[in-house]
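Colleague: Here's a structure for you.
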Amino acid sequence: MRSRGSWRDGSGCSLESPIFLPRATGGVDMVRNAMSVDVEDWFQVQAFADVIRREDWDGLDSRVVPNTENVLGLLSEYNVKATFFVLGWVADRYPQLVRSIGGAGHEVASHGYGHELVSHIGPERFQQDIRRAKQRLEDCSGQRVVGYRAPTFSIGEAESSWAYSILGEEGYLYSSSIFPISHDLYGSPQAPRRPHRPKEEAVLEIPMTTVKLGQRNWPCSGGGWFRILPYAPFRAGIRHVNGAEGEPAIFYFHPWEIDPGQPRVRQASRFSQFRHYTGLDRMRNRLRRLLKEFDWGRMDEVFARDIRGHAEADIR
């Protein structure tokens, strides 16, 4: 049976109650987790948005193709299939890369077209952005694109909750765009931690994985946290989510995170440089350990029952 929960944004304003989806519990060894990759280049990250102009992107040293190919090789070593949330901007310039991702058996999903924050561009531009990205990714991959992840997790606050109805209109079935934590660049700490359908929308929201300690959610799903902090808390967090909660965990990273030789953006703040470059040299080995210690799969397969509403869903 479905149950309702409340969700308030950071200002305390109540949003319409989401519908939660039930899941049977099981041990750690019974749970398959979802591995995801956000395919964007090193110069497209939000931490550098103030110092790297969008109109300069085409003139910079792109490393997204070799880095993503290295990711594909790494996943192949462990026979892991993942979901790749690809920018339409990348697909336009490197269509063969998207074909390679799909051809290797991975899910091709949308990261939007131009890595613009949903909360900044408004409904009309958002619809144009996700439509353009979906069409390009489907043309390149030959897959139906049903998944979406907002750049910098920029869906979730009250002012951008309209995005779900637009995603549904454009043919998306699920979103993984909410990170229920506090962060200076993103986060909706009061958002639900479990897969749910916001405001009874058709689109399923699959939040990034956190562990609740006391009154606070702590991230255990990748990104810069995984490079900077020790490995042990992430392992413990995923085991807790799998075992005590009986839920799949979601992990994510970017191809540039396994590239310690990427250009340095010296004009960025020291803090932005710290969190972008710290741990790049150890990221690959950490990923190897993670891929070995847990069972991983694609988002559309791990959450197929939730997305489609029945266990035997085939969404390819």
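Just so we're aligned, residue 8 is where the sequence shown starts under our numbering, counting upward by one. We treat Cβ as the ideally placed atom computed from N, Cα and C, and that holds for glycine.
Tell me the rounded alpha-carbon separation between Met306 and Ser43.
Modeller: 7 Å
Colleague: Keeping to the same chain, check which residues put their C-beta closer than 7 Å to that of Phe5; ignore five residues upstream and five downstream.
Modeller: Any property of residue 5 remains undetermined from this structure, which presents the chain solely from 8 to 323.
Colleague: Cβ of Phe55 within 8 Å of Cβ of Ala239?
Modeller: no
Colleague: Short check: CB of Arg100 to CB of Cys147, under 8 Å?
Modeller: no
Colleague: Can you grab the Cα-Cα spacing for the pair Arg223 / Gly253, in whole Å?
Modeller: 20 Å
Colleague: Below 8 Å between beta carbons: does that hold for Ala157 and Gly119?
Modeller: yes
Colleague: Going by DSSP, what residue range makes up the beta strand (DSSP E) through Asn74?
Modeller: Note, Asn74: premise wrong, no beta strand (DSSP E); alpha helix (DSSP H) at 71-84.
Colleague: Which runs of the beta strand (DSSP E) fall wholly inside the region 70-155 and span at least 3 residues, in chain order?
Modeller: You should have 90-93, 114-117.
Colleague: Within the continuous beta strand (DSSP E) that includes Val43, where are the two ends?
Modeller: A small correction: the amino acid at residue 43 is Ser; Val does not occupy that position in the sequence shown. Counting along the chain, the beta strand (DSSP E) containing Ser43 begins and ends at 40-46.
Colleague: Could you have a look at Glu212 and say whether DSSP puts it in helix, strand or coil?
Modeller: Three-state DSSP puts Glu212 in a strand.
Colleague: Quick one: is Phe91 buried, meaning 16 or more other Cβ sit within 10 Å of its Cβ, or exposed?
Modeller: It counts as buried.
Colleague: Give me the DSSP bridge partner(s) of Phe50.
Modeller: Partner(s): none; Phe50 has no beta bridge.
Colleague: When you compare only the Cα positions, how much space is there between Leu81 and Glu212?
Modeller: Each residue's Cα considered, the two are about 28 Å apart.
Colleague: Does the beta-carbon of Lys299 have 16 or more other beta-carbons within 10 angstroms, so that it is buried, or is it exposed?
Modeller: exposed
Colleague: Would the beta-carbon of Tyr171 fall within 8 Å of that of Val210?
Modeller: yes
Colleague: Can you tell me the Cα-Cα spacing of His113 and Gly149, whole angstroms?
Modeller: 12 Å
Colleague: Where does Asn249 land, buried or exposed, given buried means 16+ other C-beta within 10 angstroms?
Modeller: buried
Colleague: State the Cα-Cα distance for the pair Val125 and Glu131, rounded to the nearest angstrom.
Modeller: 11 Å
Colleague: If you count every other CB in all the chains shown that lies within 10 Å of the CB of Glu47, and 16 or more means buried, which is it?
Modeller: A residue is called buried when at least 16 other Cβ atoms come within 10 angstroms of its Cβ; Glu47 meets this threshold and is buried.
Colleague: Checking 8 Å against the spacing of the C-beta atoms, do Lys141 and Glu177 come in under that value?
Modeller: Yes, they are a contact pair.
Colleague: Among residues of its own chain, excluding the 5 on either side of Val152, which ones have a beta-carbon nearer than 7 Å to its beta-carbon?
Modeller: Val115, Ala116, Ser117, Lys141, Leu144, Glu145
Colleague: Taking all protein chains shown into account, do 16 or more other C-beta atoms lie within 10 angstroms of the C-beta of Gln51, making it buried, or fewer, making it exposed?
Modeller: buried
Colleague: Alpha carbons only, please: which of Val218, Asp313, Phe133 is nearest the one belonging to Ser167?
Modeller: If we check each option's Cα against that of Ser167, Phe133 comes out closest.
Colleague: Please classify Val248: does DSSP put it in a helix, a strand, or coil?
Modeller: helix
Colleague: Span of the beta strand (DSSP E) holding Ile314?
Modeller: Not the beta strand (DSSP E): Ile314 falls in the alpha helix (DSSP H), residues 311-315.
Colleague: Taking the alpha-carbon positions, what's the Leu28 to Arg204 distance?
Modeller: Caution is warranted here: a pLDDT of 44 is assigned to Leu28, below 50, making its placement in the model unreliable, and the coordinate value is therefore given only provisionally. Cα-Cα distance, rounded: 8 Å.
Colleague: Identify whether His283 lies in helix, strand or coil by the three-state DSSP scheme.
Modeller: helix
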